[in-house]
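Worksheet: the structure to be examined is printed underneath.
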Amino acid sequence: MAKLNCEISEHLQVALRERSKATGESIDRIVSNALARALEMPVHTLFQISTSGALVEGIYEKAVSSSLLLNYGDFGIGTFDNLDGEMVVLDGAIYQVRSNGTVTNIQDDTGTPFAVVVRFVADQDETIAKASSFEDLRSLCDKYRDSANLFYAVRVDGHFDHIHTRAMKATLDGLPLAQAAAIQPEFDFHDIDGTLVGIWAPEYSRSLNIAGYHFHFLSDDRTQGGHLLECSGKNLRVRVERLADFHLSLPESEEFLRADLTKDPSKDLAYAEQAHKKGDA
1 MAKLNCEISE
11 HLQVALRERS
21 KATGESIDRI
31 VSNALARALE
41 MPVHTLFQIS
51 TSGALVEGIY
61 EKAVSSSLLL
71 NYGDFGIGTF
81 DNLDGEMVVL
91 DGAIYQVRSN
101 GTVTNIQDDT
111 GTPFAVVVRF
121 VADQDETIAK
131 ASSFEDLRSL
141 CDKYRDSANL
151 FYAVRVDGHF
161 DHIHTRAMKA
171 TLDGLPLAQA
181 AAIQPEFDFH
191 DIDGTLVGIW
201 APEYSRSLNI
211 AGYHFHFLSD
221 DRTQGGHLLE
231 CSGKNLRVRV
241 ERLADFHLSL
251 PESEEFLRAD
261 LTKDPSKDLA
271 YAEQAHKKGD
281 A
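This is the structure:
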């Protein structure tokens with residue numbers, strides 16, 4: 001990478017050091033991101049809080065506040081303290097889809113143990129004529145990925161014939177993810193307009209993230225949503241961003257520092273991702 005030499009005020013220098021200490025980011029990264037925003041250039045960086053392996057082991061307490069996420073992205077997914085619902089970050093706002101089906105626009109600081117966000121700038125903008133199932137949608141989206149070794153952000157907007165979601169129910173720290181997922185309420189929506197907010201992660205990242213596609217849904221009126229389990233729709237607008245830069249922020253809690261994260265979380269994650277029982281829509 002190129003080096004930049006310039007003079008800045010002592011006030012800016014102190015502010016840079018304080019921001020770096022507070023966020024854990026290097027000064028180089030802070031300056032690069034600030035310049036990219038000022039020059040209106042895409043950064044194509046995935047910013048992630050904690051790991052999927054930590055979630056599997058029941059580490060659900062706050063790693064960062066929700067407001068911090070918006071410093072690094074305006075599009076993404078995650079969860080909240082104690083798995084209290086599904087997080088959808090869309091158009092620079094954070095929404096919480098709770099297990100009772102309600103959707104709240106989060107205005108105040110709320111803790112998150114796991115989240116991934118990007119500053120969404122699409123490289124591709126396409127239309128899918130028809131997706132008869134979630135599996136079909138995944139296969140169609142595969143056409144817009146040119147590598148199995150990078151991350152991708154995927155946004156799908158349109159009218160859906162059917163959406164099937166879930167929302168995790170708040171639980172105590174330490175309860176394994178597979179057990180928490182077994183009691184997740186599920187919801188069915190029909191003839192609904194909305195957006196799928198998704199991340200595709202490569203197979204080699206499975207100890208850090210959920211390999212493959214991971215989508216959350218949010219309706220246009222911001223009243224319905226959740227983690228996507230199944231869907232179908234026609235004439236869907238698909239926008240994809242290729243992400244070649246990855247930033248991981250790890251918790252410093254005692255639970256995380258002492259956790260055994262050597263186990264492969266894939267089996268438990270796959271169980272948590274699938275449907276278990278239906279709830280009331």
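What the sequence shown shows, in full-length UniProt numbering, is residues 1 to 281, in sequence order. Backbone N, C-alpha and C define an ideal beta-carbon position, used for all residues, glycine too. None of these values were measured; they are calculated from a predicted model.
{"Item": "Residue span of the alpha helix (DSSP H) that contains N105, given as start and end", "Value": "Looking at the DSSP string, N105 is not in any alpha helix (DSSP H); the run it does join, the beta strand (DSSP E), is V103 to I106."}
{"Item": "Three-state secondary structure assigned by DSSP to I27", "Value": "helix"}
{"Item": "CB-CB length for K62 against P113, believed under 8 Å", "Value": "6 Å"}
{"Item": "Close Cβ partners of K208 (< 6 Å) along its chain, the five nearest in sequence each way excluded", "Value": "Correcting the residue identity first, residue 208 is Leu in this sequence and not Lys. Within the same chain, L208 has close Cβ partners T51."}
{"Item": "For K21 and L236, the rounded distance between their alpha carbons", "Value": "43 Å"}
{"Item": "DSSP state of A167 mapped onto helix, strand, coil", "Value": "coil"}
{"Item": "Continuous alpha helix (DSSP H) stretch holding G53: start and end", "Value": "S52 to V56"}
{"Item": "Same chain, Cβ closer than 6 Å to K278, five either side skipped, listed in chain order", "Value": "Below a pLDDT of 50, predicted positions are generally treated as unreliable, and K278, at 47, falls in that range; the measurement from the model is reported next regardless. Around K278: E186."}
{"Item": "Boundaries of the beta strand (DSSP E) in which D191 is found, first to last residue", "Value": "E186 to A201"}
{"Item": "According to DSSP, residues forming a beta bridge with E151", "Value": "Just to set this straight, residue 151 is Phe in the shown sequence, not Glu. L243, per the DSSP bridge assignment."}
{"Item": "Simplified DSSP assignment, three categories, for L39", "Value": "coil"}
{"Item": "Range covered by the alpha helix (DSSP H) that runs through L257", "Value": "E254 to R258"}
{"Item": "Whole-angstrom distance between T223 and A281, CA atom to CA atom", "Value": "The predicted model places A281 with a pLDDT of 39, which falls under 50 and marks its position as unreliable; any figure quoted below should be read in that light. Each residue's Cα considered, the two are about 12 Å apart."}
{"Item": "Contact between the region 212-223 and the region 191-199 (3+ Cβ pairs under 8 Å)", "Value": "yes"}
{"Item": "G92 classed as buried or exposed, judged by whether at least 16 other C-beta atoms fall within 10 angstroms", "Value": "exposed"}
{"Item": "Buried/exposed call for E25, threshold 16 Cβ in 10 Å", "Value": "buried"}
{"Item": "Where V118 sits in the DSSP three-state scheme", "Value": "strand"}
{"Item": "Rounded Cβ spacing between G78 and M87 (contact assumed at less than 8 Å)", "Value": "4 Å"}
{"Item": "Per DSSP, cross-strand counterpart(s) of D221", "Value": "Answer is none; D221 lacks a bridge partner."}
{"Item": "Per-residue burial, S99 [other beta carbons within 10 Å of its own, 16 or more giving buried]", "Value": "buried"}
{"Item": "Beta-carbon spacing of V238, I128 below 9 Å", "Value": "yes"}
{"Item": "Delimiting residues of the alpha helix (DSSP H) encompassing D142", "Value": "F134 to D142"}
{"Item": "Simplified DSSP assignment, three categories, for K278", "Value": "Because K278 carries a pLDDT of 47, less than 50, the predicted location of this residue cannot be relied on, and no value is offered for it."}
{"Item": "Nonlocal neighbours in the same chain, by C-beta distance under 8 Å from I71, ignoring five residues either side", "Value": "Note that residue 71 corresponds to Asn in the displayed sequence, not to Ile. Closer than 8 Å at Cβ, skipping near neighbours: T23."}
{"Item": "Residue(s) in a DSSP beta bridge with I94", "Value": "V89 and I106"}
{"Item": "Nearest residue (CA-CA) to A167, options G226, D188, S133 and L137", "Value": "G226"}
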